Amino acid sequence: MPSKPDKYGVRFYSVVGWESLYACAVWDNGSGNRTKTNPVDRYVDVFPALLTAVFRTLERDDVAIKRKDASALWVAMCGHLTKTYPAPNQRRLLVCDNFYTRHNLAKTLTTFTDGEMKMLGTIRIALQGKWMAERLEAAKERMENAERGAWELHTALDIPSDWEKLQEKHKRAQKKLPTHLQTPYIPPATIESNAGYIVFRDKKTVIFYPNDLAGTPSQHLLPGDSQEAIQLCHGLAPLRRWTGDQVMHRKTIHVPAIIVAYNLFMNAVDRVDQLRRTNLIRRKERRLSMSILTWALDLALINAFSLFRKVACNATTRVTLHAFKRRVAEKLTSVQRSRRQKQRRQEAAPNQPIEDVVGADDSLHAITPNSKRHSQGKFTCYLCSLRGFSTKALYGCTGCHRGFHVVCFSAFHY
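Each residue of the sequence shown is one higher than the last, beginning at 1 in full-length UniProt numbering.
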């Protein structure tokens, strides 16, 4: 996993609320699954209330996503929130990164939620389909030399899901014609309503996909200075950027409000992962089973902390996640801790005389502070060096003549 801090890992998909940082849905990608079931089948087995809605959506003729695709699982996870808690205003915005944002997924999700959930995010051109990718590549090259803040609005095209069969049929028909009469295949395409691509020139050229435009573009390409494009993107909003050699004040440029909305509401999943990594339950455990268990506990406690902040409101201003975890751990272990303290109080105190205890160990190995007469008294801990660490210790063993931490000395000799 080159883009992650760990060398190996298990990929999980997650849907997180931006304001509350509550994980509404979490599911693994099933890479280690050896059964014949699909990811979406396993998901609806756990949540059977989604069964009918999911398969009614996937069986539609205008839906290009197949049952075996990972996108089918993403549709079920994102729409699960709408199934459980419909939005009061019948509108919910899903902000994705460029790994998930694609037109087919957004269209299927809108169909699955009866038009309630819309998608916004940056895209990868290679994931937008063959016919849309060519237009977007040309638009990206055209914007490379544009001024920072320039943008264009492109329409999103609906291509039939069986375009490959239509292409083969076209090729067979073309073979019967003379060479000078043969034409390349162009699939039938329709303009998707309220959807488009915003090609925006920032420090680099970034392409956004929203299917929540105020209307449908009248042309395949609208420049950023046209009133129609501005109106379709819900107006302009200020965005501050370093555009020159400014030192203290950034330049304010006016960009589509959709881009500002993306900058405000992105990275909820990354923020939850940052919370988890800075307040880990796991110590130096490397076993996969224990790592996944502690990961699930961390995520459950973050969800509980989000609910606690929502319910308690102003009373939670001084309570951190670390303090909340400690308080939960104390509550969960209060019975065991009180039982252990009671057992310790019932244990009889040792009645051996002190002269029988002191000096009872006749071994030559004893831990003493290192001399600082000729040095700082810091020697490499022998046990730590065996484990691959080079840490210094202020104590040493009189028998081994090696440096040791106090804990390492006890572990090595006893």
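Glycine included, C-beta positions come from ideal geometry on N, C-alpha and C.
All values derive from a computational prediction rather than experimental measurement.
| Item | Value |
| --- | --- |
| Out of TYR100, ARG241, MET266, LEU136, which has the shortest C-alpha to C-alpha gap to LEU221? | LEU136 |
| Apart from the five residues on each side of it in sequence, which residues of its chain come closer than 7 Å, Cβ to Cβ, to HIS322? | ASN279 |
| Tell whether a beta-carbon distance below 7 Å holds between LEU81 and PRO210. | no |
| What residues in its chain sit with their C-beta under 8 Å from that of GLY244, if we drop five residues either side in the sequence? | LYS251 |
| Are the C-beta of GLU168 and some C-beta of chain C separated by less than 7 Å? | Among the protein chains of the structure shown there is no chain C, as only one such chain exists. |
| Please classify ALA76: is it buried, with 16 or more other beta-carbons within 10 angstroms of its beta-carbon, or exposed? | buried |
| Sort SER375, GLY129, GLY396 by Cα distance to VAL189 and report the nearest one. | Correcting the residue type first, residue 189 is Ala in the shown sequence and not Val. Nearest of SER375, GLY129, GLY396 to ALA189, Cα basis: GLY129. |
| Does DSSP put ALA411 in a helix, in a strand, or in coil? | helix |
| According to DSSP, which residues form a beta bridge with PHE324? | Its beta-bridge partners do not exist; DSSP assigns none. |
| Considering only their Cβ atoms, is the gap separating VAL269 from SER14 smaller than 7 Å? | yes |
| Could you spell out where the beta strand (DSSP E) holding SER193 opens and where it closes? | 190-201 |
| Are there 16 or more other CB atoms within 10 angstroms of the CB of THR48, so buried, or fewer, so exposed? | Position check: residue 48 holds Pro in this sequence, whereas Thr was assumed. Label assigned to PRO48: exposed. |
| Could you spell out the range, first to last residue, of the beta strand (DSSP E) harbouring HIS170? | Segment 163-174 is the alpha helix (DSSP H) holding HIS170; no beta strand (DSSP E) there. |
| Buried or exposed, going by whether 16 or more other CB atoms sit within 10 Å of the CB of VAL357? | Because VAL357 carries a pLDDT of 49, less than 50, the predicted location of this residue cannot be relied on, and no value is offered for it. |
| As a quick exercise: from PHE404, ALA195, TRP131, pick the residue whose alpha carbon is nearest that of residue 431. | In the structure as shown, the chain begins at 1 and stops at 414. Residue 431 is therefore absent and cannot be evaluated. |
| Would you say LYS130 touches the ligand MG, meaning its beta carbon is less than 6 Å from a heavy atom? | Summarising the ligand content, the structure contains no ligands, and the ligand MG is consequently not present. |
| My guess is that ASN194 and GLY224 are in contact by the Cβ rule of under 8 Å, so how many angstroms apart are they, rounded? | No, ASN194 and GLY224 are not in contact; Cβ-Cβ is about 19 Å, not under 8 Å. |
| With DSSP run on the structure shown, which of helix, strand or coil describes GLU152? | strand |
| For GLY9, count neighbouring C-beta atoms within 10 Å of its own C-beta (all shown protein chains included) and say buried if the count is 16 or more, exposed if not. | exposed |
| Measuring CB atoms only, is the region 366-374 touching the region 392-407, in the sense that at least three cross pairs come out at less than 8 Å? | yes |
| Smallest Cα separation from LEU232: which of VAL247, THR37, LYS169, PRO256? | PRO256 |
| Where does the unbroken beta strand (DSSP E) through residue 418 begin, and where does it stop? | No answer is possible for residue 418: the residues shown for the chain start at 1 and end at 414. |
| So, THR101 versus ILE123, is the Cβ gap smaller than 7 Å? | yes |
| Pull up the distance between the alpha-carbon of PRO160 and that of ASP62, whole angstroms please. | 8 Å |
| Please list, in chain order, all residues of the same chain as PHE389 whose beta carbon is under 8 Å from its beta carbon, the five residues on each side excluded. | CYS381 |
| Pull up the distance between the alpha-carbon of PHE305 and that of THR317, whole angstroms please. | 12 Å |
| Can you tell which of VAL272, ALA126, ASP298 has its C-alpha closest to the C-alpha of ARG283? | ASP298 |
| Provide the residue span of the beta strand (DSSP E) that contains ASP28, from first to last. | 23-28 |
| Pick out the complete alpha helix (DSSP H) segments inside the region 257-341, 4 residues or longer, and give them in chain order. | 257-265, 268-278, 288-312, 321-332 |
| According to DSSP, is VAL357 part of a helix, a strand, or is it coil? | Here the model assigns VAL357 a pLDDT of 49, short of 50, so the residue's position is not dependable and the matter cannot be decided. |
| Just how far apart, CA to CA, sit residue 445 and PHE324? | Residue 445 lies beyond the residue range present for the chain, which begins at 1 and ends at 414; the question has no answer from this structure. |
| Where are the alpha helix (DSSP H) runs, 4 residues long or more, that stay fully inside the region 15-68, in chain order? | 39-46, 51-58 |
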